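**Student:**
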Amino acid sequence: TSVKHVHFLVAALLFIVSMVLVPLTTVVAATDPTAVKWHPGHYYTILSWGNNNSSYLSQVYSEIQATPALRGIQMRYLWAELEKSKGVYDFSSIDKRLAELTARNKRL
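And the structure:
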């Protein structure tokens, strides 16, 4: 019975130690300074068909200005929109949206 008692105590001790050490490593991983920065908040999502539609974007910009909870917009591009021909890239649409949103103090 004393052998069973020792085994039980060792198992209980290992369990307690693991419960203390696992959360500590989780906290260390969560505060990794090389982690990708994220700006939490609400973002207006625009599908690729609306990326260059000026009347639609004008309406979106009005809505995000009127709604402080909206931190910015999220845009998705098809790769073919950015690489018009093999090895030739055109990021002017993204540059334009960044400039427009920066002027409104919003994020892309």
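According to this note's numbering, the sequence shown holds residues 157 to 264 in order. All residues carry an ideal CB built from backbone N, CA and C; glycine is no exception. As the structure is a prediction and not an experimental result, all values here were calculated from the model.
Would you say LEU203 and ILE229 are within 8 Å of each other, going by their C-beta atoms?
**Tutor:** Result no, Cβ atoms of LEU203 and ILE229 do not sit closer than 8 Å.
**Student:** To the nearest angstrom, how far is the alpha carbon of LEU226 from that of PHE164?
**Tutor:** Near 55 Å, if we compare the C-alpha coordinates of PHE164 and LEU226.
**Student:** Helix, strand or coil for TYR233, going by three-state DSSP, please let me know.
**Tutor:** Here TYR233 sits in coil by DSSP.
**Student:** Tell me whether TRP205 counts as near the ligand COA, meaning its Cβ is closer than 7 Å to at least one heavy atom of that ligand.
**Tutor:** This structure lacks the ligand COA, and indeed carries no ligand of any kind.
**Student:** Since ARG260 and GLN215 should fall inside the 8 Å C-beta cutoff, what is the C-beta to C-beta distance between them, to a whole number of angstroms?
**Tutor:** No, ARG260 and GLN215 are not in contact; Cβ-Cβ is about 14 Å, not under 8 Å.
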